[in-house]
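First to last, the protein sequences are chains A, B, C and D.
Just so you know, we're using this note's numbering here: the first sequence kicks off at 1 and counts up by one.
Just so you know, we're using this note's numbering here: the second sequence kicks off at 339 and counts up by one.
Just so you know, we're using this note's numbering here: the third sequence kicks off at 677 and counts up by one.
Just so you know, we're using this note's numbering here: the fourth sequence kicks off at 1015 and counts up by one.
For each residue, glycine too, the CB sits at the ideal point set by N, CA and C.
To keep things clear, I will list the structure first and then write my remarks on it.
Protein chains: 4
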Amino acid sequence: MNKIKVGVVGYGVIGQRLADGVAKQEDMELIGVADVAPTLSIRALKEQGMPYDLYCSIDDTTALEQAGIPITGKLEDMLQKVDIVLDATSAGIGAKNKELYKKYGVKAIFQGGEKNEVADVFFHGYANYEKGVGADYLKLTSCNTTGLIRAVDCIHREVGVEKVAITIIRRVADPGDYHRGLTNALQVDKAPSHQAVDLMTIIPEVDATGILVHTPVTHGHIITVVATPKKDISKEELLKLFESHPRIRVVRLADGFLGNASLFRYARDLGNKRGDMYEIAIWEESIVKSGKDIMFAINIPQESVVIPENMDAIRAAMKMQLTREEGTKMTNQYLGMK
Amino acid sequence: MNKIKVGVVGYGVIGQRLADGVAKQEDMELIGVADVAPTLSIRALKEQGMPYDLYCSIDDTTALEQAGIPITGKLEDMLQKVDIVLDATSAGIGAKNKELYKKYGVKAIFQGGEKNEVADVFFHGYANYEKGVGADYLKLTSCNTTGLIRAVDCIHREVGVEKVAITIIRRVADPGDYHRGLTNALQVDKAPSHQAVDLMTIIPEVDATGILVHTPVTHGHIITVVATPKKDISKEELLKLFESHPRIRVVRLADGFLGNASLFRYARDLGNKRGDMYEIAIWEESIVKSGKDIMFAINIPQESVVIPENMDAIRAAMKMQLTREEGTKMTNQYLGMK
Amino acid sequence: MNKIKVGVVGYGVIGQRLADGVAKQEDMELIGVADVAPTLSIRALKEQGMPYDLYCSIDDTTALEQAGIPITGKLEDMLQKVDIVLDATSAGIGAKNKELYKKYGVKAIFQGGEKNEVADVFFHGYANYEKGVGADYLKLTSCNTTGLIRAVDCIHREVGVEKVAITIIRRVADPGDYHRGLTNALQVDKAPSHQAVDLMTIIPEVDATGILVHTPVTHGHIITVVATPKKDISKEELLKLFESHPRIRVVRLADGFLGNASLFRYARDLGNKRGDMYEIAIWEESIVKSGKDIMFAINIPQESVVIPENMDAIRAAMKMQLTREEGTKMTNQYLGMK
Amino acid sequence: MNKIKVGVVGYGVIGQRLADGVAKQEDMELIGVADVAPTLSIRALKEQGMPYDLYCSIDDTTALEQAGIPITGKLEDMLQKVDIVLDATSAGIGAKNKELYKKYGVKAIFQGGEKNEVADVFFHGYANYEKGVGADYLKLTSCNTTGLIRAVDCIHREVGVEKVAITIIRRVADPGDYHRGLTNALQVDKAPSHQAVDLMTIIPEVDATGILVHTPVTHGHIITVVATPKKDISKEELLKLFESHPRIRVVRLADGFLGNASLFRYARDLGNKRGDMYEIAIWEESIVKSGKDIMFAINIPQESVVIPENMDAIRAAMKMQLTREEGTKMTNQYLGMK
């Protein structure tokens, strides 16, 4: 079998995990990663003996060289070797890189920080896989939206969802971030939040609105969802639905999963690389009904949640699998999800 | 005019503010405050020259004496001088104190931490003032519920509210707390939250549910409310409604009110004692509609929000005013609310 | 008596407190404050009914006018009415403003954020008052340095200090700050910290070094000081020395002062405006000896600690008092320090 | 070769890492781990397919069974199979367990939370290895003391250390802790800190004192050390000394290691299990001299720092190696330290 050749551009919080994710897909080959400077992540790559080849995304390789980081070539060198790139650069850079991708006839998948216009398809592995099949440029939903849509799509396919109102309790920085932060403060964003708007773009039949509040923590957004299903669904049925979804993990307060920090600790104790978790978690004891409406709380592991849907995107764009069922199944299998 | 004689039992976070609130009511007289130990708040009272008389709530006065705190007498001495007490002791103590209050024929108002059974009436100044008129024992709603009900009651009286779903983003400790805290973690509580249940007790026509998430900050809970009104109401009408409520302050992100910390800073800059604010705040830019449903975010200044409703409770219990309109109006006037 | 006419330029965290401080000095008159935009602090001034006249520091008054803030005039108008200004603008702006102050023959006192070159004298009320007498341009030490020098100067005058090594555990943002912050992280600065360097500038006989670590809290830096005195001093003598200093407050863990948050709470409970405290605090139980060396921990209330020394600076610059003893005594008296 | 048979009692934050550490020692065999309840860590063991055998430390196995956790036997069963146990139970439990260890003639190593009396030797792999050789009961230094002594011992062996004064900026809780925490507060402990006292017990020639301040972060204590060496040592020599120590990692602010959070992120990016790091880190730019005194800042990865010294302790107690050089060398080799 010819493996699909993949490059990762931008080796930061998301880029590293994308590279690891690709490396786990037995039908893909990670050609290399590209970045611009000797960041901590690049230094960690060096300390590990360069398990991935590094390409320099800018002309000036001085900084990398002075830090003693081995470089395999320039970004354009990598682009000549790959079928598709996952672009995980800072917001706005992806749009510039697209010109290069075009030049080398390479397909590309952009992350949530880019504008929708950068891509032909705004993509979510479970919600609209088929739209991505064969597309040249895809943009993935952001971390919160990706996780949220997993849950909403799952209910929507079962009983139909009329509308949702979400409250995003957002972690304000990633572990290790010193360039941004919040200290003893909650911050309210202008409503509606982009996640609600994006959800409506991906699943147009669902009406959505929402408020986002930033909180001074570093791992795991928590979203509360108030959903009005088209058909009544009991708490027990909902629970079963969630439990059967390969990318949802149902957890219990009673078992010691008290919040986002418990999930991070658990993933570390599992020995998962970097303490990552691909699944969103839903707390069983958070599920309540009010009339027909259902309400529940989701944990979004912001650093790693989008990895599976990015793998799905490669599968769709490269026509490796033509249906949502097959595409997500392969991703789940290689990432070790149930 | 004979002033109503009031005592405050428990001089902690809430008790201090109740004492200050009573002192501002020109038709009430603060007889004194009672506590058990030389806490920082009691030491601050001493450093200020004992503006309020202190009574000792326990037999053993040694600790207070050794700290050089002047004591006017025992709690029972105070009870012989007052018409009514505001009990702001730790949860569970109020129920014990009630026996003493009965013995001296003194009315009492308990705080949200006590069980409902301690009182004849579960009280909120705006929502059910009339139920408290002439009652001997009242229990106030907790800080979150008090603020939440102000907003919901205000809409309910205008257009009727069918149901609400709330997300409480709770500050986990008060400024100065060392006995409790949370570090880099969000904590999910079993749903539905008691605030939703309490709301239904106070306004039985409204169906309510909710999820509470603790966050590591010290000033100001933020609640998002999804409400289904019985009659459609526009964003503009809702804004006007909130703006006309004496205990609601509409604020704007555009003016620099970015979150709970802005409100605390603003109250400090206003020169308010302790940086307190009696009003809940609602962000104009948080108000969104989804079909007929409305959604918005409230800030609850947890240390001071219940003070006005406690003053209302005295007015109701002592029959100082017989109606909600008159009772809340007097409170608002003496507390300097618009 | 002719009062000294004072203006405050920059009405932010420090500027507001300087204005309040000047207003308390019975031998000074606050002519007004100057700022550029309708910040929360300026809005709070308006809500209070403009207790201080506001002058606009920039040509364009549109933003202030649109916010409905009453303006008395332009900064240059204020400069024609004052003898001296306290410049509490953002770092770097003071140097630019100096040209204006020169033009109007107005003396000026700059804050710690400006470069030393802006001023003729780098000033601390207790350590080098006499150097400031009659000077035209003074720069105050920053908050940490001001508090630190109070303690070191106090020991140095008694027994001589050979050297100090300090560790500054720095609060990273002020309450209400959303433009900076740190979340679940400690941050180490390049050593030696500027506070150690500044201490040697102000008290050249003392050798000093130090390390600064930022921590995610908002009120009160804590500094640990390791000092080698020239003459041995017992813990008891040191305690007495600190207790007799009008700008040092000795506190005890045993009394409930467990950290910076206790001090903030205590100041709020005292009813101090904004919950401010002018004194640094030293924990009795933190004082330890190792051989001749002494070690102790100081709390620095970063928002308000420099106010007294700024008042001292006016007294020195305007020759209101010619000696350290007299100058600081008047400041202490009007600010209500022991 | 007969491998030394080791059991780990208490499978919490430290116990898990001890088990992993033992599993890496090619001359030891991990017989199993013991705990009492289905904690998250035990549940993670189950989800991984029980890589370690679990023994129940209490009579009642109901909770573990109901959670579906496979149990190999009771603690006493495990004790019959092992030569030595690492006891990582909660403070105080170790002393009780000691009776059992005696009963089965099993040597034991206790952690820093136990009282010194529990053991014959208060142990540190680098500072006093030889004292532990052949001992039956050893107690390890706590995480801060272990890391601190690495640095001080390293200097002491080179140039002699007369005295040290330390400031411990302590993380208040581990990632995932919900039972303790601090929010927006620094907390001062009674001085001198136990770490200074313990250092003097382990290295009696050095005089030590110190102050500990708790801060609201979860990974990595930072200690500043002021040390007076007996012989002058330059910054460059000190740097070389630190760089040559297998359990010290010299890092640079200039390379992006800005604080404890950078180190945690780096360890995650390295792919280290749980994001752990065995080395303490010392910031190159924090090293300063003041006269003969040296000052520097250390990062202590609190969850994992004691693992190497625990391995050393097994080697000493079991007489696997008779000297510090040989014992620590074997540990370092198997743990993959330089």
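{"query": "Cβ contact check for the segment 211–229 of chain A and the segment 181–191 of chain A: 3 or more pairs under 8 Å", "result": "yes"}
{"query": "Three-state class that DSSP yields for residue 1332(D) in the structure shown", "result": "coil"}
{"query": "Continuous alpha helix (DSSP H) stretch holding residue 602(B): start and end", "result": "598–607"}
{"query": "Unbroken stretches of the alpha helix (DSSP H), 4 residues or longer, contained in the segment 1037–1065 of chain D", "result": "1054–1061"}
{"query": "Cβ-based contacts, 7 Å cut-off: residues of the segment 937–950 of chain C near chain B", "result": "937, 938, 940, 941, 942, 944, 945, 946, 947, 949 and 950"}
{"query": "Against chain D: residues of the segment 2–15 of chain A by CB proximity under 7 Å", "result": "none"}
{"query": "Neighbour list for residue 1058(D) in chain A, Cβ cutoff strictly below 7 Å", "result": "266, 269 and 270"}
{"query": "Secondary structure, beta strand (DSSP E): runs of 3+ residues fully inside the segment 133–173 of chain A", "result": "137–140 and 161–171"}
{"query": "Contact with chain B by residue 697(C), beta-carbon distance below 7 Å", "result": "no"}
{"query": "Contact with chain D by residue 176(A), beta-carbon distance below 7 Å", "result": "yes"}
{"query": "Range covered by the alpha helix (DSSP H) that runs through residue 396(B)", "result": "First-last for residue 396(B): undefined, no H or E at that position."}
{"query": "Contact with chain A by residue 1104(D), beta-carbon distance below 7 Å", "result": "no"}
{"query": "Three-way DSSP call (helix, strand, coil) for residue 1271(D) in this model", "result": "coil"}
{"query": "Beta-carbon proximity check, residue 459(B) vs residue 469(B), cutoff 7 Å", "result": "yes"}
{"query": "Alpha carbon of residue 1156(D) to alpha carbon of residue 1127(D), nearest angstrom", "result": "7 Å"}
{"query": "Reduced DSSP category for residue 1207(D) - H, G, I as helix; E, B as strand; rest coil", "result": "coil"}
{"query": "For residue 651(B), three-class secondary structure by DSSP", "result": "helix"}
{"query": "Environment of residue 661(B) [buried if 16+ CB atoms lie within 10 Å]", "result": "exposed"}
{"query": "For residue 500(B) and residue 545(B), believed in contact at Cβ under 8 Å, the rounded distance", "result": "7 Å"}
{"query": "Whole-number beta carbon distance between residue 1074(D) and residue 1086(D), since they are thought to touch under 8 Å", "result": "About 17 Å; that fails the 8 Å criterion."}
{"query": "Interface flag, residue 978(C) vs chain D, CB-CB below 7 Å", "result": "no"}
{"query": "Endpoints, the beta strand (DSSP E) within which residue 783(C) is located", "result": "783–786"}
{"query": "Short Cβ contact (7 Å threshold) for residue 192(A) with residue 209(A)", "result": "yes"}
{"query": "Runs of alpha helix (DSSP H) wholly within the segment 759–809 of chain C (minimum 4 residues, chain order)", "result": "769–779 and 801–808"}
{"query": "Buried versus exposed call for residue 436(B) [16 or more other C-beta atoms within 10 Å across all chains shown]", "result": "buried"}
{"query": "Where the segment 180–194 of chain A meets chain B: residues whose CB sits under 7 Å from a CB there", "result": "184, 185, 186, 187, 188, 190, 191 and 192"}
{"query": "7 Å Cβ shell around residue 196(A) - same chain, five flanking residues per side excluded", "result": "166, 208, 209 and 210"}
{"query": "Spatially closest choice to residue 1253(D) from 1310(D), 1020(D) and 1186(D), by CA coordinates", "result": "1310(D)"}
{"query": "DSSP bridge partner residues for residue 73(A) (one or two, in chain order)", "result": "55(A)"}
{"query": "Residue of 367(B), 344(B) and 383(B) minimising C-alpha distance to residue 947(C)", "result": "383(B)"}
{"query": "Cβ-Cβ separation, residue 74(A) to residue 56(A) (assumed contact under 8 Å), whole Å", "result": "6 Å"}
{"query": "The segment 576–594 of chain B touching the segment 611–625 of chain B, judged by at least three CB pairs closer than 8 Å", "result": "yes"}
{"query": "Cα-Cα separation, residue 783(C) to residue 759(C)", "result": "7 Å"}
{"query": "Check whether residue 824(C) and residue 787(C) have beta carbons under 7 Å apart", "result": "no"}
{"query": "Residues of its chain near residue 364(B), where Cβ-Cβ distance is below 7 Å and the 5 sequence neighbours each way are ignored", "result": "672"}
{"query": "Beta-carbon gap between residue 1341(D) and residue 1143(D) smaller than 7 Å", "result": "yes"}
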